[in-house]
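Residue numbers for the sequence shown follow the UniProt record's numbering, so the first one is 1 and each next one is one higher.
Notes for the one structure printed next.
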Amino acid sequence: MSETRQSARNMQQSDRATGALVARIEEMLEAVVSRIAAGQEMSIEMASRRRSGRNARSLRPVRFPGRNLAEAQKFARVLLILQLSHDALVAGRVLTKRHIFYQHQELFGKQRVVDDLVDDLALTLDVSREDLRIVASVKGLVVGPLVIRSPDGAAIDTSLADTGTPIPTRQSVSSIEYGNLRWILVIEKDAIFRSLATCRFWQTSTAGTGLLITAKGYPDLNTRLFLHMMHQQRPQLPILVLADFDPDGLGIFRCYRFGSEALAHEASAHNPKVRWLGIKSHHIQSMTTLHRGGLSSGSSMASHEQVSTPAAAASRTSISSINCREPVSLLTMRDRRNIRCALASIARQDLDHVELVELRRELQVMLMMGVKAEIQWLDEAGDITQWLSDKISRSLQDDE
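What follows is the structure, given as structure tokens:
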């Protein structure tokens, strides 16, 4: 009964926020109409994510006809997005950025133009893209014991589809039934997600009942907002990320935990409960010790000698459930550049965060070892369920 009342309160708050946003957009549109009536140059005040620091939130006018053709085009694009957002909010519909682009290709030219302007409008109005009722195409999948209810009373049982259920937008969720959920595992790779979903790992794991989520690589905003919503409703649930031991894998964890730099203004896009389960450098070292007769104590260089030859790694690693070419391989020049960029980015952040200190260390170790490892490498038989159950159980014990 308490959850029903909470759901009703949430819906009332959402309706009030939507009404306030509609009023603000109408004010912007009315200001444009007033300038037309007065015979004045039209303008819309806009923030921009491409300006750094505090300047990003400072408003600057976009004018029509403006100083040149580029400014006139930008004004027309912004005006259209405002109108589309207003109509979607009033009608209770959701638009995708891809739909906007394909309906108005001549105006926007490139999908990226739509993406950037929607983000800038969200920053200008101090809301999320989702609040504008403009979202990215569905990317995230979820499978587990959740029952998700929408405002019209429809229910989505996420346990029914072994291939995963598309993650709904935040506005289309009125309540969530969690059952006996104990943990949430976010998986970088769609192939790993599907393998674990098909064997119903979320149900059979010795760590208890869990939930599997993937965004098929770097997470979209909708997946991160869904995780943030679950954290708000069930703050005790651990959210664990499983990603490759490579620059992109660590970058994906950073995005789930701290959000993307492009959307740093959206507080709900990052999540303090997210933790990194693996793969980490000590997992590579311990697995190498187990399978190849041991390393000299604690030496990263010894690890490098043991695992840095891709052919040797592949010959000792049999992946039966998932096709994998080289689960362990040498860092490329691109990888090394990305590591250096990630280290520079971390240096600009608050190193009081334990997770950032650990990430910096892992990137430095990765650079020194000269190798990267895919998730599939964790178990030479291709079945990583026992490894995951052990790590998840240990994480749950640490929380007690």
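Built from N, CA and C at the ideal position, the CB exists for glycine as well.
Name the DSSP bridge partner or partners of residue 155?
149
From residue 140 to residue 222, what distance separates their C-alpha atoms?
8 angstroms
Simplified DSSP assignment, three categories, for residue 385:
helix
Could you check what DSSP says for residue 284 in three-state terms: helix, strand or coil?
helix
For the putative contact between residue 211 and residue 242, defined by C-beta atoms under 8 angstroms, what is the C-beta separation to the nearest angstrom?
Not really, about 13 angstroms apart at Cβ, beyond 8 angstroms.
What residue from 50, 364, 106 has the CA that sits closest to residue 76's CA?
106
According to DSSP, is residue 251 helix, strand or coil?
helix
With 16 other CB atoms within 10 Å as the buried threshold, where does residue 249 fall?
buried
Simplified DSSP assignment, three categories, for residue 421
The chain is shown from 1 up to 400; residue 421 falls before or after that span and cannot be answered.
Note the first and the last residue of the continuous beta strand (DSSP E) segment covering residue 214.
210-214
If I measure Cβ to Cβ from residue 192 and keep anything under 6 angstroms in the same chain, skipping five residues before and after, which residues do I get?
375
Are residue 418 and residue 343 closer than 8 angstroms when you measure CB to CB?
Residue 418 lies beyond the stretch modelled for the chain, which goes from 1 to 400, so this question has no answer here.
Spatial distance of residue 254 from residue 360 (CA atoms)
11 angstroms
My guess is that residue 207 and residue 48 are in contact by the Cβ rule of under 8 angstroms, so how many angstroms apart are they, rounded?
In fact, because the Cβ distance is near 45 angstroms, the residues do not count as touching under 8 angstroms.
Drop a sphere of 10 angstroms on the beta-carbon of residue 195, count the other beta-carbons inside from all chains shown, and report buried for 16 or more, exposed for fewer.
buried
Return the residue from the list 146, 227, 154 that minimises the CA-CA distance to residue 179.
146
Taking buried to mean at least 16 other C-beta atoms within 10 Å of its own C-beta, is residue 399 buried or exposed?
exposed
Measure how close the beta-carbons of residue 28 and residue 64 come, nearest whole angstrom, since I'm counting them as under 8 angstroms.
No, residue 28 and residue 64 are not in contact; Cβ-Cβ is about 14 angstroms, not under 8 angstroms.
Among 157, 186, 37, 182, which residue has its Cα nearest to the Cα of residue 175?
157
Local Cβ density within 10 Å of residue 256, reported as buried at 16 or more and exposed below that:
buried
Secondary structure, alpha helix (DSSP H): runs of 4+ residues fully inside the segment 79-147:
97-103, 105-108, 111-125
Do the segment 222-242 and the segment 351-358 make contact, defined as three or more Cβ pairs closer than 8 angstroms?
no
Along the alpha helix (DSSP H) that carries residue 47, what are the first and last residues, could you check?
No alpha helix (DSSP H) holds residue 47; DSSP gives it neither H nor E.
Residue 163: buried (16+ other C-beta within 10 angstroms of its C-beta) or exposed?
exposed
May I ask you to report which of helix, strand or coil DSSP gives residue 58?
coil
CB contact flag (residue 401, residue 188, <8 angstroms):
The requested residue 401 does not occur in the structure, where the chain is confined to residues 1 to 400.
To which residues does DSSP link residue 331 through a beta bridge?
None; residue 331 has no bridge partner.
Near residue 36, what residues of its chain come up, given a Cβ to Cβ distance below 8 angstroms and the 5 sequence neighbours on each side ignored?
42
Secondary structure at residue 278, three-state DSSP: helix, strand or coil?
strand
Along the chain, where does the beta strand (DSSP E) containing residue 377 start, and where does it finish?
Neither: residue 377 is in no beta strand (DSSP E) and is coded neither H nor E.
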